[in-house]
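Chemist: Residue numbers (numbering that gives the first Met the number 0): 0 to 421. Pasting a structure here, questions to come.
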Amino acid sequence: MTGTRAQLRDFLLQWFGDYFPGSPFLWYDLIVLAWIALFALILHLILRLVSQRLVKNRFSEQAAQPDSKSPLYSAQKLARNISFVLQGAVVVIQAQLWVPEGTTFLYLIQMITDQWIILFALLSLFSLLDIFQAISDKRPLSAHFPLRGFLQTIKLIASVLTAILAVSLLMNKSPLILLSGLGALSAVLLLVFKDAILGLVAGIQLSANNMLAVGDWLEMPKYGADGDVIDIALTTVKVRNWDKTITTIPTYALISDSFKNWRGMSDSGGRRIKRSIHLEMSSVHFLDEAAVVALKKADLLSEYLESMLLVIEEQNTTKKVDMSCTLNGRRLTNVGTFRHYLVALLKQHPHIHQGMTLMVRQLAPTTQGLPIEIYAFTNTTNWGEYENIQSDIFDHILAVLPAFSLRAHEAPTGSDIRQLIK
């Protein structure tokens, strides 16, 4: 201390010695400490007021309802942490002005404020990265580029480097000495940060190959996951299942194990219906004239029946087939007519996607009957609407079976057995 400051210090020490009991140096240190604390408090209030006004002007559209994931919330934290850094710097400057060099009191103040500045500088970096994350989450492309994993990697590296710097300042040694000593601990560090390293690599592969994004419907039975992806972090992926439970999957498991991503279905605009109805094979038979006349009244079958009857009659006449024997010639069957009716029904259905695969096929007969499978796509991917459309179609199919003299296969129930006993 030189000049005016030295004279003021000597005056205060003399005055404390004359009017206060005890050591004048102790009273001087207390006054200096009180002055530094008061100055830091006033500076804190000023910086807080100015920073809040600047932040609200910058994010005025979000000021009404800030939440923990909004840029406004992160910007407020950033401004607050930067103000704490500035306060620490001002405290050091004030201490160097009023406390003699080489004293233990100055050393303690510098040591504490150095740690203070390092801590809030790290928190300021975290808040800045949170702002990037919050802004990225509001952009449509962010779902296909999981930025959170990369930002968490930066936070992890910054935390390690900050811890090394803090310890080196406490030991009054160069950080390079500590860094050189970490070489021997590299194997231990790789073991400790194994999940973080694997998650970082997996996150890069997921984003580079566009394998998974926030909002995708993921199905991974091994981990009990079946729902929407809500977060892709450095080490974990969170999935909100349809029963509203949350499943956490290691990020690297999405690279090492298989999973199903339903994004293709969502992007296509259509969702597949692939369901069978099983018919009793004993109800399958040729159509007689009365059945044909009755079915011709159906709008969806009249044109088909007329054209098919002409073709069949022409072929049978040309070949001079004896139609008195059911084994001869070509005839219409109730199950074949039923299949054509279903195709016509699906083609005129307002909620069936006509630009995708549409067919009604007969599968191999089993002990459960003759399967007739509906293979088509709805023109919506909404789950509730899809289920309603599918249910309406099969409600109708079950209801029209008697018109074709067909019966749905049912396994014998307890009621059937009791009827047999009677």
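Glycine included, every Cβ here is placed at the ideal spot set by N, Cα and C. All figures in this text were calculated on a predicted structure; none of them were measured in a lab.
Give every residue of the same chain whose Cβ lies closer than 6 Å to the Cβ of residue 76, excluding the five residues on either side of it in the sequence, and list them in chain order.
Modeler: The residues are 126.
Chemist: Cutting at 6 Å between CB atoms, please list the residues of its own chain near residue 388, excluding the five before and the five after it.
Modeler: The answer, listed in chain order, is 350, 377.
Chemist: By Cβ distance, which residues of its chain are closer than 6 Å to residue 129, with the 5 residues on each side in sequence left out?
Modeler: Once the five neighbours on either side are set aside, the close Cβ partners of residue 129 are 73.
Chemist: Got a sec, what are the start and stop residues for the alpha helix (DSSP H) residue 389 sits in?
Modeler: Unbroken alpha helix (DSSP H) run through residue 389: 382-399.
Chemist: Take residue 91 as the anchor and find which of 220, 39, 292 has the nearest alpha-carbon.
Modeler: Closest option to residue 91, Cα to Cα, is 39.
Chemist: So residue 287 is in the alpha helix (DSSP H); what residue range does that whole segment cover?
Modeler: Residue 287 -> no alpha helix (DSSP H), and no H or E assigned at all.
Chemist: Spatial neighbours of residue 256 within its chain, please: CB distance less than 8 Å, with the 5 preceding and 5 following residues excluded, ordered by chain position.
Modeler: 219, 221.
Chemist: Could you tell me which whole alpha helix (DSSP H) segments of length 4 or greater appear in the region 281-335?
Modeler: Segments of the alpha helix (DSSP H) lying fully in the region 281-335: 288-295, 301-317.
Chemist: Apart from the five residues on each side of it in sequence, which residues of its chain come closer than 6 Å, Cβ to Cβ, to residue 226?
Modeler: Around residue 226: 238, 239, 240, 241.
Chemist: Taking the alpha helix (DSSP H) that residue 271 falls in, what are its first and last residues?
Modeler: From DSSP, residue 271 is part of no alpha helix (DSSP H) but of the beta strand (DSSP E) over 270-278.
Chemist: When the Cα atoms are used, what is the spatial distance from residue 250 to residue 358?
Modeler: In a straight line, the C-alpha of residue 250 is about 40 Å away from that of residue 358.
Chemist: If you reduce the DSSP assignment to three classes, tell me which class residue 406 lands in.
Modeler: DSSP places residue 406 in coil when its eight states are reduced to three.
Chemist: What's the C-alpha gap between residue 150 and residue 390?
Modeler: Distance between the alpha carbons of residue 150 and residue 390: 46 Å.
Chemist: Let me know if residue 112 comes out buried or exposed under the rule of 16 or more other beta-carbons within 10 Å of its beta-carbon.
Modeler: Classification of residue 112: buried, given that the 10 Å Cβ count is 16 or more.
Chemist: Is residue 64 helix, strand or coil when you go by DSSP?
Modeler: Reliability fails at residue 64, whose pLDDT of 48 lies under 50, so the model's placement of it is uncertain and no value is given.
Chemist: On the criterion of 16 or more Cβ atoms from any shown chain inside 10 Å, does residue 410 qualify as buried, or is it exposed?
Modeler: The residue in question, residue 410, is exposed, as its Cβ has fewer than 16 Cβ neighbours within 10 Å.
Chemist: Keeping to the same chain, check which residues put their C-beta closer than 8 Å to that of residue 85; ignore five residues upstream and five downstream.
Modeler: Taken in chain order, the residues that qualify are 42, 46.
Chemist: From which residue to which residue does the beta strand (DSSP E) around residue 210 run?
Modeler: Where residue 210 is concerned, there is no enclosing beta strand (DSSP E), given that its DSSP letter is neither H nor E.
Chemist: What residues match up with residue 360 in a beta bridge as DSSP calls it?
Modeler: Residue 360 is bridged to 372.
Chemist: Could you tell me which residues DSSP puts in a beta bridge with residue 236?
Modeler: Residue 236 pairs with 231, 248.
Chemist: Could you give the C-beta distance for residue 224 and residue 217, rounded to a whole number, given that I count them as a contact under 8 Å?
Modeler: Correct: roughly 6 Å between the Cβ atoms.
Chemist: Considering only residues of the same chain and omitting the five flanking positions on each side of residue 235, which have a CB-CB separation below 8 Å?
Modeler: Taken in chain order, the residues that qualify are 198, 247, 248, 249, 250.
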